[in-house]
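Novice: Below: one structure in structure tokens.
Residue numbers (this note's numbering): 72 to 155.
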């Protein structure tokens, strides 16, 4: 699993949320080599400390989780499994 975190303004990070490499695209292609999950947030947690970025700072964090095929399969099974 590869985790990337970017910190910046909303406009800067929002433009990076919609490249062709999105969450749903790999789910619909059987030969996809990874699954990429993106999350834009004002909430942060670090070593047991959690909180929200100050609104005056206009800061957001953009987190990318890139899963390999085995991890993506596990994610898919957990997401779409039927609970009995």
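Cβ coordinates follow ideal geometry from the N, Cα and C atoms, glycine included.
The structure presented is a predicted model; accordingly, all values stated were derived computationally and were not measured.
Would you identify the three-state DSSP class for residue 87, choosing helix, strand or coil?
Specialist: Locating residue 87 in the chain shown gives position 16, where the first residue counts as 1. Residue 87: coil per DSSP, three-state reduction.
Novice: If you reduce the DSSP assignment to three classes, tell me which class residue 131 lands in.
Specialist: In the chain shown, counting from the first residue as 1, residue 131 sits at position 60. In this structure, residue 131 counts as strand in the three-state DSSP scheme.
Novice: In terms of residue numbering, what span does the alpha helix (DSSP H) encompassing residue 140 cover?
Specialist: If you number the chain shown from 1, residue 140 lands on position 69. Element bounds for residue 140: 140-151.
Novice: Quick one: is residue 131 buried, meaning 16 or more other Cβ sit within 10 Å of its Cβ, or exposed?
Specialist: Residue 131 sits at position 60 when you count from the first residue of the chain shown. Answer is buried; the Cβ neighbour count reaches 16.
Novice: Using the three-state DSSP reduction, which class does residue 124 fall into: helix, strand or coil?
Specialist: Along the chain shown, read from residue 1 onward, the residue named residue 124 stands at position 53. In this structure, residue 124 counts as coil in the three-state DSSP scheme.
Novice: In whole angstroms, what is the alpha-carbon distance linking residue 77 and residue 127?
Specialist: The sequence position of residue 77 within the chain shown is 6, counting from 1. The sequence position of residue 127 within the chain shown is 56, counting from 1. Distance between the alpha carbons of residue 77 and residue 127: 19 Å.
Novice: Alpha carbons only, please: which of 141, 133, 149 and 150 is nearest the one belonging to residue 81?
Specialist: The count along the chain shown starts at 1 and reaches residue 81 at position 10. The shortest C-alpha separation from residue 81 is found at 133.
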